[in-house]
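In my numbering, the protein residues as written are 79 to 294.
Okay, so here's the structure we're looking at.
Right under this line is the structure:
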């Protein structure tokens, strides 16, 4: 990939910011633990579905100890509708145990510590760092991944490597904000199948071969 012209990146992000000034996490949460659990549940599931599940879940589970001490069979049924519920239940319960045993029941605030927790990869860790701990972080979810490729911001097939590519071309103080506006753009306009290019604010700056134009 050729070096990304700085002005093009800046222009695209500026246009996306103007288009989605209220871009924010769709997941509902009140504290780091809730966001951690919600993000683990969101794997291969819509944020909207996760929010429906956690609306009830968070009333019952309020601490890492609560998750650590729950019965797997019971917890699996409580999160069943998010899909892959057995793996998610196993990870969340183990994560609760690890938080209690190693971090005094608190969610750690460093990438190094977060990725040692069960079910937590760099994306989940970045979501926490950028949204509840106010630290520079680039969270590459499926929408950011797709938009980054279509805009030729990145070419890697691995989300962690895409994260590295984005960090090189986007100023550190705009990492999380860029993820939020790109993610919102990916949900609303630059969708996976048949992106709505005629409604895209950056269409003229995009050279993607995936372009499609919907009739009005």
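Glycine is no exception: its CB is placed at the ideal position from the N, C-alpha and C atoms.
Please read these numbers as outputs of a predicted model, since none were measured by experiment.
Does DSSP put residue i in a helix, a strand or coil?
i: residue 252; result: helix
i: residue 284; result: coil
i: residue 188; result: coil
i: residue 264; result: helix
i: residue 150; result: helix
i: residue 83; result: coil
i: residue 110; result: helix
i: residue 168; result: helix
i: residue 140; result: coil
i: residue 206; result: helix
i: residue 53; result: A query on residue 53 cannot be resolved here, the shown segment of the chain reaching from 79 to 294 and no further.
With a threshold of 16 other CB atoms inside 10 Å of the CB of residue i, please say whether the residue is buried or exposed.
i: residue 159; result: exposed
i: residue 99; result: exposed
i: residue 235; result: exposed
i: residue 256; result: buried
i: residue 226; result: buried
i: residue 190; result: exposed
i: residue 79; result: In this predicted model, residue 79 has a pLDDT of only 44, less than 50, meaning its place in the structure is not dependable enough to derive any value.
i: residue 103; result: buried
i: residue 146; result: buried
i: residue 291; result: exposed
Less than 8 Å between the CB atoms is what I'm expecting for residue i and residue j, so what's the real figure, rounded?
i: residue 116; j: residue 132; result: 5 Å
i: residue 263; j: residue 94; result: 6 Å
i: residue 163; j: residue 149; result: With 8 Å as the limit, residue 163 and residue 149 do not qualify as a contact, their Cβ atoms being about 14 Å apart.
Below 6 Å CB to CB, which residues in the same chain sit around residue i once its five sequence neighbours on both sides are set aside?
i: residue 254; result: 208, 215
i: residue 281; result: 275
i: residue 185; result: 110, 111, 114
i: residue 259; result: 94, 95, 98, 101
i: residue 187; result: 211
Quick one: what's got a C-beta closer than 7 Å to residue i's C-beta in the same chain, skipping five residues either side?
i: residue 237; result: 201, 218, 223
i: residue 183; result: 141, 142, 143, 177
i: residue 136; result: 112
i: residue 240; result: 218, 223, 226, 232, 234
Keeping to the same chain, check which residues put their C-beta closer than 8 Å to that of residue i; ignore five residues upstream and five downstream.
i: residue 118; result: 166, 169, 170, 173, 197, 198, 202
i: residue 289; result: 273, 275, 281
Pairing CB atoms from the stretch 179-196 with CB atoms from the stretch 241-249, are three or more of them under 8 Å?
-> no
Below 8 Å, can you find three or more Cβ-Cβ pairs linking the stretch 213-230 to the stretch 123-131?
-> no
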